[in-house]
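Reading through the C-alpha cells given below for one structure.
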Amino acid sequence: MTKTPSTPPRIVYAANRRIGAECLRMLVDAGITPVALMIPNGPEAEATDDMRKLLPTVPVFLGKDGVKEAIQKLPALAPQYLLSVHFPLILPPEILAVPSAGTLNLHPAFLPWNRGWHTPSWAILDGTPYGATLHWIDSGVDTGPIALQRQIEIQPTET
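Mapping to this note's numbering: the sequence shown position 127 is 642, numbers consecutive.
Structure follows, in C-alpha cells:
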C-alpha cells in the first residue's frame, strides 16, 4: 500500500467476509480509520466481529435496517468515499449520493464478465476471464467505470 496522505480520507467502509476484514485491517494499518462501518447481519454475515474489533469507536450500521439508518446519519459524517468489499446489499441512491468523491466497490471478478454473485464458479463454468476489479458504483449492478483491475488465471485443476 502507498504512503498515507497527511490527512487520511474520510471513508465509510461497507464489507463482509474474511476479505472484507483483511482489507479493513490493511486500511487501519496504513493509518486510514473509516468514519463508519456498514456490515450485514443474519446468516450471510461473516467476519463482522473482527471488523467491529478493528473499529470499536465508530458508528456501525447493521444489515438492511442499518442501511436505512445510514441514509439519515451518514451526511453528518461527511465522508469523501464509501468503499464496499463483498458487501451483500445493493446500496440505494440515497447512500451513493453521500460520499463527496464517490463510492468504490471491490468485486471478485474481471468485469465486465461475471457481475453479481458466485463469480469464480461462473468463470470456471463459462470459461470467462477471472480476476478482481475495483470500480466506481453507479445505478447498475457491477456496471460502473473501472478504476483498477487484475486478471487471474484459472488453473485447469480448479473446480
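The beta-carbon is built from N, C-alpha and C at its ideal position, and this holds for glycine as well.
Values in this document were obtained by computation on a predicted structure and should not be read as measured data.
- The closest CA to that of GLN595, considering only ILE526, PRO671 and LEU619, is found on ILE526.
- The C-alpha of MET553 lies about 18 angstroms from the C-alpha of VAL656.
- Closest option to TYR528, judged by alpha-carbon separation, among SER521, THR522, GLU559 and LEU611: LEU611.
- Each of THR563, LYS583 and ASP580 was checked against the Cα of VAL600, and the nearest Cα belongs to THR563.
- Sorting ALA530, LEU570 and VAL543 by C-alpha distance to the C-alpha of LEU604 places ALA530 at the top.
- In terms of CA proximity to THR572, PRO549 leads the group GLY581, GLU584, LEU589 and PRO549.
- If you look at GLN664, you'll find it in the beta strand (DSSP E) that goes 661-667.
- A Cβ-Cβ distance of about 6 angstroms is found for the pair LEU539 and LEU569, placing them in contact under the 8 angstroms criterion.
- As far as DSSP is concerned, LEU542 takes part in no beta bridge.
- Going by C-alpha positions, ASN620 is about 10 angstroms away from ALA662.
- In the same chain as SER521, and ignoring 5 residues on each side of it, no C-beta atom comes closer than 8 angstroms to its own.
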